[in-house]
Amino acid sequence: MVLVIAHMIALACLTLVSLPFPPWLELTLATLVAVSAGISIRRHALRQAGSSIRELTLKADGTVEAVRYGGGRFDARVSGQSTALPWLIVILLELPGVRRFDPLVILPDALPVEDGRILRAWLRWKLT
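According to our numbering, the stretch in the sequence shown is residues 12 to 139, in order.
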């Protein structure tokens, strides 16, 4: 729901704010926001993209084992830049030999309440 709201706010800003852009550019920007919404929802909310992480196993040494949508498993470190809020968890995974982070966005309704508490506590413990 948060992803949908964020993209709707972006679309509203494009339509409600009078910007000195030609109409074709505003339409292009609106199309890009809509495409971004589709990709984000497929990957982060529905977790149906090939790169989507479907399962996460927390380890005592601060690493995680993740399982992708296609079944591929990998180990990763959790970046210190990860965020754990009551309404949103963003885990940035550091893969060996890769310079960029692999984000995992977890919304409150994606986990049972107790699992969400355990994950936030684990993240706070490992990130301090």
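Glycine included, every Cβ here is placed at the ideal spot set by N, Cα and C.
Find out if the Cβ-Cβ distance for the pair residue i, residue j is shorter than 9 Å.
| i | j | result |
| --- | --- | --- |
| L103 | L14 | no |
| L25 | V44 | yes |
| P107 | A87 | yes |
| V75 | I100 | no |
| L130 | L69 | yes |
| R135 | A71 | no |
Hey, could you find the ends of the beta strand (DSSP E) residue i is sitting in?
| i | result |
| --- | --- |
| A41 | Not the beta strand (DSSP E): A41 falls in the alpha helix (DSSP H), residues P34 to S51. |
| D72 | D72 -> no beta strand (DSSP E), and no H or E assigned at all. |
So, is residue i buried or exposed, given that buried needs 16 or more other C-beta atoms within 10 angstroms?
| i | result |
| --- | --- |
| L36 | exposed |
| I16 | exposed |
Run through the DSSP bridge pairs and tell me what residue i is partnered with.
| i | result |
| --- | --- |
| P114 | L103 |
| T26 | BP columns for T26 are empty, so no partner. |
| L96 | L99 |
| R84 | V78 |
| V89 | L104 |
| I20 | Its beta-bridge partners do not exist; DSSP assigns none. |
Does any CB atom of chain B fall closer than 9 Å to the CB of residue i?
| i | result |
| --- | --- |
| G127 | The structure shown contains no chain B, having only a single protein chain. |
For the alpha helix (DSSP H) that residue i lies in, which residues bound it at each end?
| i | result |
| --- | --- |
| L124 | The question names Leu, yet the displayed sequence has Val at residue 124. V124 -> alpha helix (DSSP H) spans V124 to L138. |
Could you check how far apart the C-beta atoms of residue i and residue j are, in whole angstroms? I think they sit under 8 Å.
| i | j | result |
| --- | --- | --- |
| S90 | E66 | That pair is no contact at about 19 Å. |
| V27 | A41 | Going by the sequence as given, residue 27 is Leu instead of Val. The Cβ separation is near 12 Å, so there is no contact. |
| R79 | I64 | 6 Å |
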